[in-house]
Amino acid sequence: MTKAPAWTVRHAGPDDASALALVGAATFLETFAGAIDGPAIVAHCAANHAAESYAGLFAKGAQAWLGEVEGGAPVGYALIAKPELDAARPGDIELKRIYTLSRYHGSGLGGAMMAAAVAGASGHERLLLGVKADNHRAIAFYRKQGFDPIATRQFNVGGKLYDDLVLARPLA
1318 MTKAPAWTVR HAGPDDASAL ALVGAATFLE TFAGAIDGPA IVAHCAANHA
1368 AESYAGLFAK GAQAWLGEVE GGAPVGYALI AKPELDAARP GDIELKRIYT
1418 LSRYHGSGLG GAMMAAAVAG ASGHERLLLG VKADNHRAIA FYRKQGFDPI
1468 ATRQFNVGGK LYDDLVLARP LA
């Protein structure tokens, strides 16, 4: 296996919407191909991983951090925004997305992006997220980052419902 190149993490903004969309769609496909129906993945990515979707999130106050390799190629990102989870309470913020290309799993990039998101969430009481209930690798990562399960929900991907866990990490 080839060693992944060094990466950096920087704050991202509306001008990075296309880079976030590229990584979001690529990692969603990479993670869920074979676990979620292909047409559902395509529909989900078209609706949720288009540059316009990210521009809309920024317009509503979202914050993001982009992982890049030398030369500026995007390889991961994290994004926090106002929570939309039923388990949310006043003072919460949601980690909407944290994705890295699989080549960068285990490189420390996920932890660095999580640290940036936690720092960006300063002033909130809890950081929440939803994760597919059978995504054991991601759940292990989140548990290592201080998250614990607080609820379940169903998540719509391209018109099909999947089971999610809702996790929370205290910030205060």
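Mapping of the sequence shown onto the numbering used here: residues 1318 to 1489, in sequence order. Note that CB positions come from ideal geometry on N, CA and C, so glycine has one too. Being a predicted model, the structure only gives us computed values, none of them experimental.
(request) Find the nearest neighbour of Val1474 within the set Tyr1459, Phe1345, Phe1375, judged by alpha-carbon distance. (result) Taking the sequence shown and counting its residues from 1, one reaches residue 1474 at position 157. When only C-alpha atoms are compared, the closest one is Phe1345.
(request) Identify, in the order they occur along the chain, each residue of the same chain with its Cβ nearer than 7 Å to the Cβ of Leu1339, setting aside the five sequence neighbours on each side. (result) Looking up residue 1339 in the sequence shown gives position 22. Same-chain partners within the cutoff: Pro1391.
(message) Could you compute how far the alpha carbon of Glu1387 sits from the alpha carbon of Ala1323?
(response) To locate residue 1387, count along the sequence shown from 1; it is residue 70. To locate residue 1323, count along the sequence shown from 1; it is residue 6. Whole-angstrom Cα-Cα distance: 7 Å.
(request) Note the first and the last residue of the continuous alpha helix (DSSP H) segment covering Tyr1459. (result) Locating residue 1459 in the sequence shown gives position 142, where the first residue counts as 1. Per DSSP, Tyr1459 belongs to the alpha helix (DSSP H) from 1453-1461.
(message) If contact is defined by three or more beta carbon pairs under 8 Å, each pair taking one atom from either stretch, is the segment 1364-1378 in contact with the segment 1420-1433?
(response) no
(request) Let me know if Arg1327 comes out buried or exposed under the rule of 16 or more other beta-carbons within 10 Å of its beta-carbon. (result) Against the sequence shown, residue 1327 aligns to sequence position 10. Answer is exposed; the Cβ neighbour count stays below 16.
(request) With a cut-off of 8 Å on the beta carbons, I'd call Leu1484 and Tyr1459 a contact; round off their distance for me. (result) Residue 1484 sits at position 167 when you count from the first residue of the sequence shown. Residue 1459 sits at position 142 when you count from the first residue of the sequence shown. Right, the Cβ-Cβ distance comes to about 5 Å (below 8 Å), so this counts as a contact.
(request) Give the DSSP-derived three-state secondary structure of Phe1464 in the structure shown. (result) Counting from one through the sequence shown, the residue named residue 1464 turns up at place 147. Phe1464 falls in the coil class under three-state DSSP.
(request) Could you have a look at Asp1481 and say whether DSSP puts it in helix, strand or coil? (result) Here residue 1481 corresponds to residue number 164 of the sequence shown, with the count starting at 1. Asp1481: strand per DSSP, three-state reduction.
(request) Note down the Cα distance separating Leu1482 from Ala1405, rounded to an integer number of angstroms. (result) As a working mapping, residue 1482 is identified with position 165 in the sequence shown. As a working mapping, residue 1405 is identified with position 88 in the sequence shown. The straight-line gap from Cα to Cα measures roughly 13 Å.
(request) Output the residue ranges of the alpha helix (DSSP H) runs that lie fully inside the segment 1356-1422 and measure 4 residues or longer, sorted by chain position. (result) Qualifying alpha helix (DSSP H) stretches, in chain order: 1368-1376.
(request) Alpha carbon to alpha carbon, how far is Ala1433 from Ile1358? Give it in angstroms, no decimals. (result) On the sequence shown, residue 1358 is found 41 positions in, with the first residue counted as 1. On the sequence shown, residue 1433 is found 116 positions in, with the first residue counted as 1. Cα-Cα distance, rounded: 28 Å.
(request) Can you tell me which of Asp1451, Gly1447, Asp1465 puts its alpha carbon nearest to the alpha carbon of Gly1351? (result) Position 34 of the sequence shown, counted from the first residue, corresponds to residue 1351. The option with the nearest alpha carbon to Gly1351 is Asp1451.
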